[in-house]
Amino acid sequence: MGLLWLATQNLSRRAYRTVMLAAAVAVAAGAVFATTVVLRGIDQSLTRGLNKFGADLLVVPQNALVNMKAALLTGEPSTFYLPESVIADARAISGVTKISPQLFLSTANGQHCIVGNAFLVGIDPGTDFTVLPWLTNKLDRPFTDGDAVVGGNSPYGLGDVIYFYGQYFIVYGKLDRTGIGLYDNAIFISIDRAYGLAEAAKKYEDVPALGFKRGDVSAILIQIGNAAKANLVRFALARNPEIKVVTAGNVITSVRQNVAVLFGGTLVLASVLVIANILMITATFSSIVNERRRELGLLRAIGATRHSVFRLVEAEALALTTLGGLFGIVVGAVLLRIFTRTIGYNLELLNIPFLWPSPAEMGGVAAAVVALSMLVGTIGAAYPAIAGSRMDPYDSIRTGE
Amino acid sequence: MIECKDVSKAYQIGDMVTEAVRNICFKVEVGEFLAILGHSGSGKSTLLSIIGGLTRPSGGQVAVDGEDIWQWSDNERARFRNCTIGFVFQFASLIPTLTVLDNIALPSLFGEGMTRAARLRARDLAGIVGLSDKVDSYPSEISGGQQRRVAISRAFLNDPKIVLADEPTGDLDEATEAQVMDLFTGMCRQHKTTILMVTHNRDLIKSADRTLVMKDGGIL
Chain Z
13 MGLLWLATQN LSRRAYRTVM LAAAVAVAAG AVFATTVVLR GIDQSLTRGL
63 NKFGADLLVV PQNALVNMKA ALLTGEPSTF YLPESVIADA RAISGVTKIS
113 PQLFLSTANG QHCIVGNAFL VGIDPGTDFT VLPWLTNKLD RPFTDGDAVV
163 GGNSPYGLGD VIYFYGQYFI VYGKLDRTGI GLYDNAIFIS IDRAYGLAEA
213 AKKYEDVPAL GFKRGDVSAI LIQIGNAAKA NLVRFALARN PEIKVVTAGN
263 VITSVRQNVA VLFGGTLVLA SVLVIANILM ITATFSSIVN ERRRELGLLR
313 AIGATRHSVF RLVEAEALAL TTLGGLFGIV VGAVLLRIFT RTIGYNLELL
363 NIPFLWPSPA EMGGVAAAVV ALSMLVGTIG AAYPAIAGSR MDPYDSIRTG
413 E
Chain E
66 MIECKDVSKA YQIGDMVTEA VRNICFKVEV GEFLAILGHS GSGKSTLLSI
116 IGGLTRPSGG QVAVDGEDIW QWSDNERARF RNCTIGFVFQ FASLIPTLTV
166 LDNIALPSLF GEGMTRAARL RARDLAGIVG LSDKVDSYPS EISGGQQRRV
216 AISRAFLNDP KIVLADEPTG DLDEATEAQV MDLFTGMCRQ HKTTILMVTH
266 NRDLIKSADR TLVMKDGGIL
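Keeping their order, the protein sequence lines are chains Z and E. Residue numbering for the first sequence follows my numbering, starting at 13 and increasing by one per position. Residue numbering for the second sequence follows my numbering, starting at 66 and increasing by one per position.
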């Protein structure tokens, strides 16, 4: 048994004060934990999703940039089109190694589609490098023209049949969840079949005409070689005034700006709570040290060094804030569990992708928050601990005489 | 064994300098029971704290076994207080959050560690002062006299060579006072423990081998 034992004896015999102080630390720790988990979820979703996206550059019509970001992040159906000639222009640029078009269309409300306002994306199976290569959950045969790939949020499973514009598609594969709306919510079909849908739609009087013609594309995904400079390729593409070039970085920045707006206040509040906790620990432990002058003087008289007194005060603060930190993690986890749906819904409204971090990552965040709580205790109690260790033992023993 | 040479202690409060202890010189031999008699404010407690390594003197030397303890580092003096000295203060001075047993065993925490052996020794000491049935009680659950006996037991935990007792029987009843004095004289005779006891009670000095009388910071 050592100083930590002595510290825990002090804490356990002053249970009310210990619980109240630990609760104050827990509030801050819980807030920091919950905020960090959500931010980490957003960040990882972005990184994972956009890495999986695999394209270095995305070419869209000049006036469709905002729509494209919304389409990408939330999977909200967006329809805008570019002439096919842009593909040939892009392919001619030095440094471009892969290029693949996508065509966006939305399903219609009515009897010809199984579900209205779903986001359909036509991909070219021959050149696609952002959907088909990432499929792990798929039928044991090659992708065909009558197949569809659904996102991770889709209710459909492998082999299910989906009905759009009077045509049937078999669910060939299902993507893993990424948090990026386009990949989680959209349904991918062959681009040729998409053109066919547009023609088929003309047969139905109750379905508005799809506003594109065979050969049009909505976006062009470009991968550039390792040696190529992205900015040069981007500059070459941007000479066409009708197009806009988007990078993954653009999208991440845009999301982070949204995140900053949403969580800026929360982060400031969490920081204020941490600082308030440090000040609270300093004030409380100054008072504790003063109140226990005689005890500390006695400890010095029976052999405690100055360093022992310093360590005793620090150990008490450390034990207290560790307890508070652990309690805070439990509180934060419970709150996150209660508000799981609300968080997901609100982030989706703000075009912010979100994927819960893995249990291991949450454990890492929890460990970091407990470590932060311990740091709060160590820093907060430093001044009182130094003051306590410097007190004259004899004067301290005679306190109150 | 203990030698005080011209020990003095002055406190400065504002422009005023108060001499609590003035040019004290005396020797105490191993196993001697020395009483220091004096009225309140005569400087006897300050002198005891200087000898115990708690208050730095303004001048002079305190030599224990030939070494000036005030030339040692703070850590060396802490070790000296832990291993060589046993303090008994004017008040019970117990840690309220520890049981009687833990209070008695507390000095071991800063020495060898609070081992099973230390706790067994603490239990024995509690028995010697008649508190065997109170070892699991907290200070707030026992009387003032019992608290004082716990503090005295604690002073003897590490088999100290020197016990410095500052009014050790201050608020004890006569019977307990006699028990404490018997304990002191017993330890002094059987274990050659050197005892310096500060008191203003003339009845207590009968147990001592020698008495020094202090007045206004000096020895008469």
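Note that beta-carbon positions come from the ideal geometry of N, C-alpha and C, so glycine has one too. None of the values given here were measured: they were computed from a predicted structure.
- In this structure, F156(E) and I314(Z) do not form a Cβ contact; the two beta carbons are roughly 15 Å apart against a cut-off of 8 Å.
- DSSP places F154(E) outside both helix and strand once states are collapsed to three, so it counts as coil.
- For L174(E), the C-beta contacts it makes with chain Z under 9 Å involve M13, G14, L15, W17, L18, L311, I314, G315, A316, S320, in order along the chain.
- Of the candidates P396(Z), G14(Z), G42(Z), L70(Z), the residue whose Cα lies closest to the Cα of V229(Z) is L70(Z).
- Under the three-state reduction of DSSP output, L196(E) falls in the coil class, being neither helix nor strand.
- Neighbours of N22(Z) across chain E, judged by C-beta separation under 7 Å: T162.
- With a threshold of 16 other beta carbon atoms within 10 Å, M386(Z) meets it and is buried.
- Residues of the stretch 114-135 of chain E with a C-beta atom less than 8 Å from some C-beta of chain Z are S114, G117, L119, T120, listed in chain order.
- Assigned with DSSP and collapsed to three states, D201(E) falls in coil, not helix or strand.
- Bounds of any alpha helix (DSSP H) do not take in L187(Z), whose DSSP letter is neither H nor E.
- When secondary structure is reduced to three states using DSSP, L170(Z) falls in the coil class, being assigned neither helix nor strand.
- Our two residues, G178(Z) and K214(Z), have alpha carbons roughly 11 Å apart in a direct line.
- Judged by DSSP secondary structure, N75(Z) falls outside any alpha helix (DSSP H); it is assigned neither H nor E.
- DSSP places A100(E) in the strand class (E or B) of the three-state scheme.
- Interface annotation for the stretch 243-273 of chain E against chain Z: empty, criterion Cβ-Cβ distance under 7 Å.
- Here F45(Z) has G340, I341, G344, V377, A378, V381 as same chain residues with Cβ atoms under 7 Å from its own Cβ, once five neighbours each way along the sequence are excluded.
- Counting the other Cβ atoms within 10 Å of the Cβ of Q255(E) gives fewer than 16, which makes it exposed.
- Going by C-alpha positions, P204(E) is about 13 Å away from A191(E).
- Comparing C-alpha distances from L248(E) to each of V72(E), I193(E), L113(E) shows the shortest one belongs to I193(E).
- Annotation: E96(Z) to G227(Z) spans about 5 Å, alpha carbon to alpha carbon.
- Within the model, the alpha-carbon separation for S114(E) versus I391(Z) is close to 33 Å.
- In summary, F297(Z) is buried, with 16 or more beta-carbon neighbours lying within 10 Å of its beta-carbon over all protein chains present.
- A check of alpha carbon separations from T164(E) across R184(E), I150(E), N147(E) identifies R184(E) as the nearest.
- Taking CB atoms only, I355(Z) has no neighbour in chain E less than 8 Å away.
- Shown here for A282(Z): same chain residues with a beta carbon closer than 8 Å to its own, the five before and five after excluded, namely A40, A43, V44, T47 in chain order.
- Across the set M279(E), V82(E), A273(E), L222(E), the C-alpha of L222(E) shows the shortest separation from the C-alpha of T149(E).
- Taking C-beta separations shorter than 6 Å and ignoring five residues to either side along the sequence, the partners of S272(E) in its chain run M246, T250, following chain order.
- Interface flag for L171(E) against chain Z is set, since a Cβ pair is found closer than 8 Å.
- Judged by beta-carbon spacing, T190(Z) lies beyond the 8 Å limit of S401(Z), meaning their Cβ atoms are not closer than that value.
- Separation of the CB atoms of L151(Z) and L170(Z) is rounded to 6 Å, and the pair is thereby assigned contact status at 8 Å.
- Remark: C-beta atoms of N88(E) and S110(E) do not approach each other more closely than 8 Å.
- Under a criterion of Cβ atoms nearer than 7 Å, no residue of chain Z is adjacent to S218(E); the nearest Cβ is some 12 Å distant.
- Spanning the alpha carbons of R246(Z) and P113(Z) requires a straight line of approximately 17 Å.
- Here D201(E) has T164, V165, L166 as same chain residues with Cβ atoms under 8 Å from its own Cβ, once five neighbours each way along the sequence are excluded.
- Looking at the DSSP output, Y175(Z) shares a beta bridge with Y180(Z).
- Counting along the chain, L311(Z) sits inside the alpha helix (DSSP H) bounded by residues 305-313.
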